[in-house]
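Colleague: When we follow this note's numbering, the leftmost residue of the sequence shown carries the number 3, and every step to the right adds one.
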Amino acid sequence: MGAMKPILIATAVFLATVLPAGADDDHDRVLQAVQAGEVLSLRTILEKAEAAFPGDLLEAELEDEDGRTIYEIKLLTPQGRVLKLEYDARTGDLLKSKERGHR
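(1) Quick one, which of Gly-94, Tyr-73 and Asp-58 has its alpha-carbon nearest Leu-64's?
(2) Could you say which of Asp-30, Glu-67 and Gln-81 lies nearest to Glu-88 if we only look at CA atoms?
(3) At what residues does the alpha helix (DSSP H) containing Leu-44 begin and finish?
(4) Between which residues of its own chain and Thr-79 is the CB-CB distance below 8 Å, once the five residues before and five after are set aside?
Rendered as structure tokens:
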């Protein structure tokens with residue numbers, strides 16, 4: 003995951019999730035939090051994930067879940083499993099990790 007390409011892909015995914023036309027209220031709140039500097043950058047979260055979990059980035063999303071802003075990161079592990087990570091976007095704390103399936 004150390005290459006720049008996954009970060010660029012993740013950034014594109016991130017922008018697609020927070021900037022769609024006709025965004026709902028949750029997306030508007032998330033976008034405002036990003037612009038106000040109230041949440042950590044995607045780059046910071048990806049660096050945390052990379053340091054703790056080897057793998058290739060599959061997807062990154064920024065979501066508002068019950069008033070809490072969460073980064074959801076999906077990685078493909080070297081063992082061929084999908085690892086889903088949830089980070090608190092304000093603190094960078096890992097909230098949840100779940101691994102599933104063999105490839």
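Yeah, the Cβ is synthetic: ideal placement off N, Cα and C, and Gly gets one too.
Modeller: From the atom records:
(1) For this step, residue 64 is matched to residue 62 along the sequence shown. Of Gly-94, Tyr-73 and Asp-58, the residue nearest in Cα terms is Tyr-73.
(2) Mapped onto the sequence shown, residue 88 falls at position 86. With distances taken between Cα atoms, Glu-88 lies closest to Glu-67.
(3) In the sequence shown, counting from the first residue as 1, residue 44 sits at position 42. Residue range 44 to 54 is occupied by the alpha helix (DSSP H) that includes Leu-44.
(4) Residue numbering aside, residue 79 sits at position 77 when the sequence shown is read from its first letter. Contacts found: Phe-55, Pro-56, Gly-57, Leu-85 and Glu-101.
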